[in-house]
Each structure stands twice: as C-alpha cells, then as structure tokens.
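Novice: Starting off with a structure, shown below.
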Amino acid sequence: MFKKIFIANRGEIALRIIRACKELGIKTCIGYSVEDKNSIPVMLADEAICIGPAQSMQSYLNLFSLAQAIHNSGADAVHPGYGFLSENPTFVKICNDLDVTFIGPDEETIARLADKSKVKQILKENNIPTIPGSDGAVKNLDELKSVANTIGYPILLKASWGGGGRGMRVVRSENELVNEFNAAQSEAKSSFGREDIYVEKFIEHPRHIEAQVIGDKFGNIVHVGERDCTLQRRHQKLLEESPSPYLDEQKRAEFLETAVRAASILKYWNAGTLEFLFDEEKNFYFIEINTRIQVEHPVSETVYDVDLIKEQIMVAYGYELSFKQEDLKPKCCAMECRINAEDPEKFIPSPGKIEFLFVPSGAHTRVDSHIYCGYNVSPYYDSMIAKLIISGKTREEVRTRMLNSLSEFKIEGIKTNINFFQKLLSSEDFINNTYDTNFIDRVFLNNHK
371 MFKKIFIANR GEIALRIIRA CKELGIKTCI GYSVEDKNSI PVMLADEAIC
421 IGPAQSMQSY LNLFSLAQAI HNSGADAVHP GYGFLSENPT FVKICNDLDV
471 TFIGPDEETI ARLADKSKVK QILKENNIPT IPGSDGAVKN LDELKSVANT
521 IGYPILLKAS WGGGGRGMRV VRSENELVNE FNAAQSEAKS SFGREDIYVE
571 KFIEHPRHIE AQVIGDKFGN IVHVGERDCT LQRRHQKLLE ESPSPYLDEQ
621 KRAEFLETAV RAASILKYWN AGTLEFLFDE EKNFYFIEIN TRIQVEHPVS
671 ETVYDVDLIK EQIMVAYGYE LSFKQEDLKP KCCAMECRIN AEDPEKFIPS
721 PGKIEFLFVP SGAHTRVDSH IYCGYNVSPY YDSMIAKLII SGKTREEVRT
771 RMLNSLSEFK IEGIKTNINF FQKLLSSEDF INNTYDTNFI DRVFLNNHK
C-alpha cells in the first residue's frame, strides 16, 4: 500500500482524504496556501508544505509549486480531491514524471473524456441515449444556424471543455443566436482556455440525475446508485439525494445499467460520475462524465455503506474493487445540503470570521466540514463551508430530520444559506417532488431581483 499521500486540495475534501488515509494506515502531507495556514486539514495532516499565496493560481493551481512540494514530501501518491487540478491531464503527467501515483484516472483517460462533444459522439455511436445536437464543436455561426434549424429551438450552447454551467447559454430564437454564441465563446475561453462550443436541444423542465461509478484496473466496474441533483442555482448543485424520487425501480435499473455500460465503453476506471438529463416522459440522455470524486459523494456512501475515498486509493494502488455489483444494496435514503457562506437573499459570498458555531449531531447525521469557531472564511475560494448529510428509512423521514438538523446548525459572524434550505425543504414543490433544474432560479432568485 502507499506509504504517504500528498493532498493537493483544501477544506472539507482534504480533511475527508486525511481520515480515509488514517484508516488505511497511510501518512499524509498536505500542500496549503498562506491563507490556509491555520486550517484544520493542515493541523491534522502528518506533514504540511506551503505552496504559495492565497490566490489559487499562485498556490492550488500552481503546477510548478505543487511539483516541488510533491517531490519534497517524498509521497508516493497524490489525491487531488475535486475541483482545482483534479481533472487536469498535465498535472497527472507531472505526477507520472515524479514517479508518483495520481489517485484518479490516467492522463490519457482524463484528456480523452474532457472533450464533452467527442465523448457524446462516441456514446451516441454505441446506442447510449444522448441529446440531439451537433456532432462535436460547431466551427462557425453558419454551422450553428444549420444545426439549430435541424433540431429546432430552444437550443443550449455548451463549452466543449467546460463544466459548472460556465460557457452555457439557452437560445430560444435565431434573433438571440449571434449574441449568445459570442457570449458563450467568450466565457468558455476565459474559464477553460478554449472557446469550442457545441449545441444540444434544450430540454424543457428537466431532472438532473447522475450515476456514481467506480472501477479498477482489471476491467471491473460497478455503479453505487444514483443521485438526484435537480435542485440547482445557476447550474450549481445545492441539494442532492438518493434514491431519486423521480424514478421507479424499473426505470432506475434501466438507467444504472446504461450508465455502467457507458462507463465500460469509455474504458473508465477509478471513481467517476455520469450525468444525465431526464425529460418529462422520463426519457434520459447522457450529458457528461466527471473524472473525479464529486462533492456529493457522501450521499452514495451513506445509502450503500461504502467508503469511496478509500476505494479510490486502493484501486489506484492496484487492488481489485473490494465489492461486486451484487454486494451493493441500498440501505436507506439520504440527502445532502451544501452549506455556503453566502447571503441567503442575494446569493453572493459572505466571507468573514465565524464568531459562534454549533454543528448538529446524533444518529443519522453526518457533517463534512473544516470550519471551527474563530475560523476565517476566505474570499479567495469556493463559498461552501460544510455539507450536511442526513439519512432515514424514507424520503419524508430524511426531509424532517434535515429540517431539524438545519434548525440546530448555528453559524454566527457570517451569512449562510441555512435559512434558504429551510424554505426549500418546506416548499410544496419539494415535498410533492414537482420541480425541475430551473426551480430555484425561477422561484427563489426571481423573488429577490
């Protein structure tokens, strides 16, 4: 087994990796920015190396600085967590050049699957359902108009090399096409360094459901259920749950079987997530694959009683998966709320010092977080400061427990979205399962314009 793992991340995911390593008897070294010097992961890792100033580009995204730190640490593996360099093939190559194992897919796999339009084409050719659209990136405005006229409006413009909703534009008529195409290209270029845009038919009132998969180097690949990620704000997920209340058992089995088949076609291994959209007739369409662990992985861990981070580490070392598909049975329902340091009315970040903190606990309650009383929430990084994961026998039991835990969760000194989740979970649309990916933007954002 690995002797020491270098953690190329921060916050709650870094702490999550440290805990998994401790259970496996593996030492840890974390790379940290000056801003994170007093963070819990830095305190709890066996070793810590400063990798630069607060700004991500000079620290967590600084390939040269990270390479030096990894080399100096003497680690024989690197866990990238999520975000930052977790899906960067150049970083994987640097790890390989240092003779250090990257805990994730190999360089070729990450590079190959980063081109969303090409991945979609491969799966389409193998009879995996995909949304009608362009065959790869569109070359110019004339080709875009031709594709739009063929599939019909509304259409969705998407960055070929992107994610997180950036470089994404809905176009409802040809009159909007030029401006939205230029805007999508500009945002894709600034966010991902490539301006390639592909086109899909825009599905009205969709549900967003993803399948968690994990595979080893021996060709074994399994699913660890699905997560319903429909509740989003500006394409950013806020609440995830499993099993999805949108699917019956027959549709669930069909969906998960398709997801595993797609992952096999793509020759995928390690932990990954295949994301799909469902239309109002419950037809589903592949949209992308994420070649890393997800923020919302605790939902699947809770429902299936597995440790995905430990499994990632073991398959990266060369072990076979510790379980087979028939071993994986859902044991409960689970839900995760992403607690963000942000204004609950305007949804803008709220950095600052946490003056008081009380975290909910007890049976059926899991909190993944790195914050503490006196902790300074930085303006330099993502605003998520905690994940509250609740389990129960039924969705309604989980919903009730989540509301109770949210009422216990006290954070003073900064603003958070805890109150927003209380309103969301109490809404009739949530209770009755009658919402789509635009629900939060339509109901909550529009009310505060």
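The opening residue of the sequence shown carries number 371 in my numbering; numbering runs sequentially from there.
All C-beta atoms in this analysis are idealised placements derived from N, C-alpha and C, irrespective of residue type, glycine included.
Being a predicted model, the structure only gives us computed values, none of them experimental.
(1) Since Ile659 contacts Val489 with CB under 8 angstroms, what's their CB separation in whole angstroms?
(2) Could you give the DSSP three-state label for Arg674: helix, strand or coil?
(3) Report buried or exposed for Ile375, applying the criterion of at least 16 other Cβ atoms within 10 angstroms of its Cβ.
(4) Anyone know if the C-beta pair for Tyr616 and Ile410 falls short of 8 angstroms?
(5) At what residues does the beta strand (DSSP E) containing Met705 begin and finish?
(6) Around the C-beta of Arg604, are 16 or more other C-beta atoms found within 10 angstroms, so that it is buried, or is it exposed?
(7) Over the uninterrupted alpha helix (DSSP H) stretch that includes Gly381, give me the two end residues.
(8) Is it buried or exposed for Lys856, if we count other Cβ within 10 angstroms and need 16 for buried?
(9) Do you know whose CA, among Val462, Val669, Asn710, Glu782, lies nearest Ile724's CA?
(10) Within 10 Å of its beta-carbon, does Trp639 have 16 or more other beta-carbons around it, so buried, or fewer, so exposed?
(11) Can we say the stretch 641–659 touches the stretch 577–586, given the rule of at least three CB pairs closer than 8 angstroms?
(12) Quick check: what's the CA-CA separation for Gly444 versus Phe472?
(13) Mind checking whether Lys757 and Glu712 have CB atoms under 8 angstroms apart?
(14) Out of Ile521, Asn545, Glu550, which has the shortest C-alpha to C-alpha gap to Ala529?
(15) In chain order, which alpha helix (DSSP H) runs of at least 4 residues are fully inside the stretch 437–476?
(16) Going by CA-CA distance only, name the one from Val508, Asp485, Val540 that's closest to Asn808.
(17) Report the rounded CA-to-CA distance for Ile498 versus Lys780, giving the unit in angstroms.
(18) Just how far apart, CA to CA, sit Lys819 and Leu698?
(19) Leaving out five residues on either side along the sequence, give the residues of the same chain with a beta carbon under 7 angstroms from the beta carbon of Ala632.
(20) Between which two residues does the alpha helix (DSSP H) harbouring Asp598 extend?
(21) Are there three or more Cβ pairs, one per stretch, closer than 8 angstroms when the stretch 745–757 is compared with the stretch 419–438?
(22) Is the beta carbon of Glu624 closer than 8 angstroms to that of Ala704?
(23) Do Val676 and Val594 count as a contact pair if the criterion is CB distance below 8 angstroms?
(24) Flag this pair as touching only if the stretch 665–684 and the stretch 718–733 have three or more C-beta atom pairs under 8 angstroms; answer yes or no.
(25) Taking all protein chains shown into account, decide if Met371 is buried (16 or more other Cβ within 10 angstroms of its Cβ) or exposed.
(26) Can you have a look at Arg597 and say buried or exposed, based on whether 16 or more other CB atoms are within 10 angstroms of its CB?
(27) Alpha helix (DSSP H) containing Asn549: first to last residue?
(28) Distance, Cα to Cα, Glu574 vs Arg564?
(29) Less than 8 angstroms between the CB atoms is what I'm expecting for Gly451 and Ala390, so what's the real figure, rounded?
(30) Measuring CB to CB, does Gln695 end up less than 8 angstroms from Val592?
(31) Let me check one thing: in DSSP terms, what residues is Glu580 bridge-paired to?
(32) Given this structure, state the Cα-to-Cα distance separating Pro730 from Gln792, to the nearest angstrom.
(33) By the DSSP assignment, the beta strand (DSSP E) with Thr735 in it spans what residues?
Specialist: The answer reads as follows:
(1) 6 angstroms
(2) Position check: residue 674 holds Tyr in this sequence, whereas Arg was assumed. Here Tyr674 sits in helix by DSSP.
(3) buried
(4) Cβ atoms of Tyr616 and Ile410: not closer than 8 angstroms.
(5) 703–710
(6) exposed
(7) Here the alpha helix (DSSP H) through Gly381 covers 381–394.
(8) The structure shown does not extend to residue 856, since the chain is modelled only from 371 to 819, so the question has no answer here.
(9) Glu782
(10) buried
(11) yes
(12) 14 angstroms
(13) no
(14) Glu550
(15) Counting only runs of 4 or more, we get 459–467.
(16) Val540
(17) 46 angstroms
(18) Low confidence applies here, because Lys819 scores a pLDDT of 49, under 50, leaving its location unreliable; read the following figure in that light. Using only the alpha carbons, I get a separation of about 45 angstroms.
(19) Same-chain partners within the cutoff: Leu493, Ile498, Leu644, Phe656.
(20) Premise fails: Asp598 lies in the beta strand (DSSP E), 591–603, not in any alpha helix (DSSP H).
(21) They touch, by the three-pair rule.
(22) Taking 8 angstroms as the cut-off, the beta carbon of Ala704 is found no closer than this to the beta carbon of Glu624.
(23) yes
(24) In the pairwise beta carbon analysis, the stretch 665–684 is classified as not touching the stretch 718–733: fewer than three pairs are separated by under 8 angstroms.
(25) So Met371 counts as exposed.
(26) buried
(27) Bounds of the alpha helix (DSSP H) holding Asn549 are 547–562.
(28) 28 angstroms
(29) So it is not a contact: roughly 11 angstroms between Cβ atoms.
(30) yes
(31) Arg597, Glu645
(32) 15 angstroms
(33) 735–739
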